[in-house]
Amino acid sequence: MIFEKRLFLTFLVWIFISGYPAFSQLTSDSDFSEKLNSAKHRLNEQFFKKDFIELNPKYVSNSLNHRSKPLNLTLSDIHRKIDSITYYISSHHRTTDTVYIGDTLVVGYEPGEELVIESEWFHDGPIIIIGDGIIRFQGAHATILGDVFAFENGQLIADSSYLYFPQDYFYQRILLPTGNSVMSFRNSTLDFGGLVHNMATVGSAMLEFVNVEKPDFSTIGMYQESVILIDSIDVAGEFIIDDNVTLEIKNSETILLWHQLDNDAVINIEFPDGDSVDHYEFNDQQSGVSGVGYDILIESCTEVMWGLMPAAGSDATISNSEIRTIGFWFEGSDSVQVSGLVNNNYYGDYVAPLNDRNFHLINSDVMTWSLYSFDSAYVDVEGCILGEIGVMGHSEVSAFNYFCDGSGGYLWAGDTTFLVSGMSSLSSALRSTHNSVLIFAYSTQMNGLVQALDNSILMLVQSNISVIPTYDPGAVIWMANISGPGSAYQNSIVPIEGSAWIDKGNQSELMDFGYYVMSYQKDGDTTWQMIGDTNYLEIRDDVLINWNIQGVEPGAYFLKMDLLDNWENGVTGTSQLILLPEVLGTPDALDNKISFTVFPNPVSTTLHFKFIIDEPTIVSLKIFDISGKEVAVVLNKTMSSGKHKIGYDVNDLPKGIYYTVLNVNHNQVTKKLVLY
C-alpha cells in the first residue's frame, strides 16, 4: 500500500518537474513534411489570388465590450495533466507532515495529514492534495507560484484569507479538484494578478465560493458529476457546463454560461434579459429542454451572459434572445466548411449552414461566434468575423480571409493539432501550446501576446505582429518575413529587408535554423530566378540580400523567401515589388524638401494633389503606370508661390498601381497611387 501510494504520488508530480511528454516526433517524419507542403501550396494559391479579406467596419463596432475570455480548458487538458504523468520519481524530501518533490508540495502522503496556514506564507511551485489530506488557510496571506490540484478525498479550505496566484501570462494557473475532493473558499480574496485564469471540476468534486472577492475573470470547466456552489462573488467568470454537473450561483455578477449541447440535446427556448436575473433554471425538466444531463440554477444575479456550444447531432432553436456567444464544436473525423458567420449581427430567421446539426435563430442577436475543433476533425474556415478559434485533439483547421476580433478570446492551437491561418486579421493574442503546429501567414496581429508554449511550433510567415514573440524552453518559433521595399528604381542595387530566423528553447529537441534562399519572378512569368547565394546566417529586421537589378525590366515582381530548418523542412514567404523606370527616380529628387500630398489613396473617382512652392516656377504633375509609361498630364505650367490644391478625375484610368511625379524646376517627388 505504501509503495502504491508513493507510485501514485510521483506519478502526479512528474508533470511539474519535467512538463509534458516529449514532442511526438510529428516534425521529423513525412507526416509533418506532407502537411507543411500542403499548407504552403494553399497559402501560395491564396497569395496569388490576391483575395485578401475586406471587412465592413460596422460589423466589428463595439465588439470588444464585455469581452468573453477564451475557452482554454477541456477535459482533454485535464486528462493530460492526470494521465500523461507516467514517470516514476523515487527521490523526495520529507519535512514534518508534508512531502516535497522538486518544488511541488504534497499533502496527504500519509493518512490524516493536515497543513494549517494562519499567517504570511509563500510557496514557489504547485500544490497537490491527495488521500484525505487537508490544507487549511485561516486568516492567512498566501502567495502561491503554481497550480493547485486536489485528488481522491483531498480538501483545500480557505476562510478569511488572501490567496495570491501571480501569473506571467493569462491561463498560467489552474485550480483543479477531482475525484471526491473539495475546494472551499469563504470570506476570502483570490487574486490572479489581473489576468484570466483556469479552474475545473471533475468526477464528483465540489468547488465552493461564499462571500469571495475575485477581481479576475476565470474560465471554469465542469465535467462528469462535479458540483459548483457560489453565493456572493463579484466576478464569477465563464462556465463550460457539460455531462451531469450541478451549477448554482446566487447573489453574484459577471457570469457567462456556456450551455454545452451534446448530440442528444434538443432545446427550443428563449433566454431572459441578462442584466438582472431573479431566477433561471436549465435542465431537462424544463419546458423546451431534453437530452441535457446537467442542472443550472441562477438566483439574484446581474450581468448574466448566455452562451451555447452546439455539438454535432444537437438541435437548438433560440428565439427573442440576446446571445453573448456561440461556440460551434466540431468532433469526430468529419470535414466541415464554415463561412459567413459575422459577429454583432441580428438574425430574424437564420439556420446555420451545417448539415451535422440544427441551429436555428429567430429574432435574436449574436455578439460573438467562435469555433472549436476536437478529435481528428478537419475544419475549413473562410470569410467570417469571429471572436475566437481554438484547435484541440488531433484536429486540423485551415482558416483564410477572416477577422478574429478577440471578443470571444484569441487564436490558439493545442494538443497535437495543425492550424493554418492566412490572409486574415487578428485583434487578440496568438498562441501555440502543447505539441501543436500553428502557421500564421500573410496576416496582421494588431494587439495581444504572441507565444509558443510547451513543445509547440509557431511559424510566422510574411505577417505583422504587435509584440516580440516569446517561447517556452521546449518550443520553437519561425520567422520568415520580407518587409520591403515595395518599390525600387531600375539599374540600381536594392537592399531587400526582413527577417529569416528560427528560435528554440534550450530544452527543445526540435528543429533549428538551416538557411534561406531569395528569388524573384516577374508578374506573369512561371519561373523563379534565384537572387544571390544560399544564406546560412539568420537575419533579424535587417538586409536579407542586396539585389542587383542592372538591366532588369521595369514592372511588377514577386519576391520569395524559402526558409528551411536543419531537417530540410521549409516555409515560403512572398511579397510584391514594383520596379520603376529610372526616369522616375533621379538622384536629386526632393522627397524631404517639397511638401506634396496625394489623397484619397487608394482612390476610385477624384484624386487631389496638394503642394507648396516657395517661389513662382514651372510645375509639372504627371501620372505614370508601373512600366513607366506616361498616362496623364495633370499640370504643366508656371505656378505662383504658396499653397496649391489640384483635383483630377481618374475614372478613365484602369484600376491598378500608378505613380504620380511632381517636378518643380527640374527636381521631383514620386508618390505611389492605387486606383480601385
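Note that the numbering used here has the sequence shown beginning at 1, numbered continuously upward. Just so you know, even glycine gets a beta-carbon here, dropped at the ideal spot from N, CA and C.
What separation, rounded to the nearest whole angstrom, lies between the Cα atoms of residue i and residue j?
i           : j           : result
residue 335 : residue 198 : 30 Å
residue 524 : residue 386 : 35 Å
residue 248 : residue 239 : 11 Å
residue 498 : residue 480 : 8 Å
residue 120 : residue 154 : 23 Å
residue 186 : residue 326 : 33 Å
residue 207 : residue 245 : 12 Å
residue 367 : residue 343 : 5 Å
residue 666 : residue 619 : 9 Å
residue 212 : residue 180 : 23 Å
residue 227 : residue 564 : 51 Å
residue 117 : residue 357 : 51 Å
residue 86  : residue 42  : Unreliable placement is indicated for residue 86, whose pLDDT of 29 sits below 50; no coordinate value is reported for it.
residue 108 : residue 134 : 7 Å
residue 508 : residue 237 : 35 Å
residue 640 : residue 577 : 37 Å
residue 34  : residue 572 : 15 Å
residue 251 : residue 280 : 13 Å
residue 301 : residue 329 : 28 Å
residue 291 : residue 32  : 40 Å
residue 233 : residue 190 : 11 Å
residue 690 : residue 171 : Not covered by the structure: residue 690. The range shown for the chain is 1 to 676.
Only counting the same chain, and skipping five residues up and downstream in sequence, which positions put a Cβ closer than 6 Å to that of residue i?
i           : result
residue 678 : The structure shown does not extend to residue 678, since the chain spans only 1 to 676, so no value can be given for it.
residue 483 : 497, 498
residue 308 : 259, 326
residue 295 : 246, 283
residue 534 : 515, 517
residue 5   : At residue 5 the pLDDT is 31, less than 50, meaning the model places this residue with poor confidence; the figure from the coordinates comes in the next sentence. There are no such residues.
residue 461 : 441, 480, 571, 573
residue 184 : 157, 208
residue 562 : 517, 570, 572
residue 144 : 123, 165
Considering only the beta carbon of each residue, do residue i and residue j sit closer than 8 Å?
i           : j           : result
residue 658 : residue 673 : yes
residue 402 : residue 381 : yes
residue 517 : residue 594 : no
residue 456 : residue 436 : yes
residue 159 : residue 204 : no
residue 384 : residue 332 : no
residue 318 : residue 289 : no
residue 454 : residue 474 : yes
residue 414 : residue 430 : no
residue 230 : residue 217 : no
residue 602 : residue 675 : yes
residue 552 : residue 579 : yes
residue 177 : residue 150 : yes
residue 688 : residue 122 : With the chain covering 1 to 676 only, the question about residue 688 has no answer from this structure.
residue 638 : residue 654 : no
residue 390 : residue 375 : no
residue 418 : residue 388 : no
residue 491 : residue 549 : yes
residue 104 : residue 129 : no
Ignore the nearest five residues each way along the sequence and tell me which others in residue i's own chain have a CB closer than 7 Å to its CB.
i           : result
residue 306 : 257, 271, 274, 321, 323, 324
residue 661 : 584, 622, 624, 668, 670
residue 506 : 473
residue 651 : 605
Which whole-angstrom value describes the C-beta separation of residue i and residue j, a residue pair presumed to lie in contact below a C-beta threshold of 8 Å?
i           : j           : result
residue 671 : residue 596 : 7 Å
residue 365 : residue 346 : 5 Å
residue 679 : residue 566 : The structure shown does not extend to residue 679, since the chain is modelled only from 1 through 676, so no value can be given for it.
residue 466 : residue 440 : Incorrect: roughly 12 Å between the Cβ atoms, too far for contact.
residue 262 : residue 314 : 7 Å
residue 304 : residue 338 : About 28 Å separates the two Cβ atoms, so there is no contact after all.
residue 426 : residue 432 : No, residue 426 and residue 432 are not in contact; Cβ-Cβ is about 14 Å, not under 8 Å.
residue 146 : residue 125 : 4 Å
residue 476 : residue 452 : 6 Å
What residues in its chain sit with their C-beta under 8 Å from that of residue i, if we drop five residues either side in the sequence?
i           : result
residue 235 : 214, 215, 216, 217, 218, 253, 254
residue 627 : 554, 555, 581
residue 557 : 520, 521, 522, 523, 576, 577, 578, 579
Practice task
Evaluate the contact criterion for the segment 485-492 versus the segment 523-533: three or more CB pairs, one atom per stretch, below 8 Å.
Solution key: no
Practice task
Could you say if the segment 183-200 and the segment 155-171 meet the contact criterion of at least three C-beta pairs nearer than 8 Å?
Solution key: yes
Exercise for the section: Report yes or no: do the segment 637-654 and the segment 596-615 share at least 3 C-beta pairs separated by less than 8 Å? Expected result: yes
Exercise for the section: Say whether the segment 404-423 touches the segment 360-378, bearing in mind that this needs 3 or more beta-carbon pairs closer than 8 Å, one atom from each stretch. Expected result: yes
Problem - Validate contact between the segment 216-223 and the segment 261-268 using beta carbons, cut 8 Å, 3 pairs - result: no
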